[in-house]
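First residue of the sequence shown: 65, per the numbering used here; consecutive thereafter.
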Amino acid sequence: MPKNIVDEAVKRPNSKDNYNNEKNLLELMECVESPLYFMKNFMKIQHATKGSVKFDPFPFQERIVNAFATHRNVVCLCGRQLGKSLSFKTKVLADDVKVEIGSLVPQTFHMRLVSFLENLLLKLI
65 MPKNIVDEAV KRPNSKDNYN NEKNLLELME CVESPLYFMK NFMKIQHATK
115 GSVKFDPFPF QERIVNAFAT HRNVVCLCGR QLGKSLSFKT KVLADDVKVE
165 IGSLVPQTFH MRLVSFLENL LLKLI
């Protein structure tokens, strides 16, 4: 069975790491304190022509991430097509066929439960 590229790049759940280097420990602490720092330094986006590039957020994206990190409840008045979605049931085009976002991402039981509850709440509104 071929290995998935993501399997090699992502640390397995519950695996132990050794943070004996003070620089690594400080960087880990910075990532915990600032999601934006983590996103700018460790996240990459697949660009159509440039390939894998570091995430360089727009100012509005920085404000949204900081709002999510510092406030419990956030309401965003945003336009469509800004890289966000309502739930795993949101329909998108994949290979010219409308599919649910949730079908494109492997989901844990917890994620399926959250998705189910989101959809239940959306029906009640």
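For glycine and all other residues, C-beta sits at the position ideal for the given N, C-alpha and C. These figures come from a predicted structure and were not determined experimentally.
Beta-carbon proximity check, residue i vs residue j, cutoff 7 Å
i: Gly-100; j: Val-139; result: Going by the sequence as given, residue 100 is Leu instead of Gly. No, the pair does not count as a contact, with Cβ atoms beyond the cut-off.
i: Met-103; j: Phe-122; result: no
i: Thr-154; j: Ile-165; result: yes
i: Leu-90; j: Tyr-83; result: no
Spatially closest choice to residue i from the options, by CA coordinates
i: Val-117; options: Arg-127, Phe-106 and Gln-125; result: Phe-106
i: Ser-98; options: Ile-109, His-111, Lys-80 and Ala-131; result: Ala-131
i: Arg-127; options: Lys-108, Gly-115 and Cys-142; result: Cys-142
i: Thr-134; options: Val-96, Met-175, Leu-184 and Leu-186; result: Val-96
Task: beta strand (DSSP E) segments (min. 3 residues) lying fully within the segment 79 to 148 - done: Restricting attention to beta strand (DSSP E) runs no shorter than 3 residues, the segment 79 to 148 encloses them at 108 to 111 and 115 to 118, ordered along the chain.
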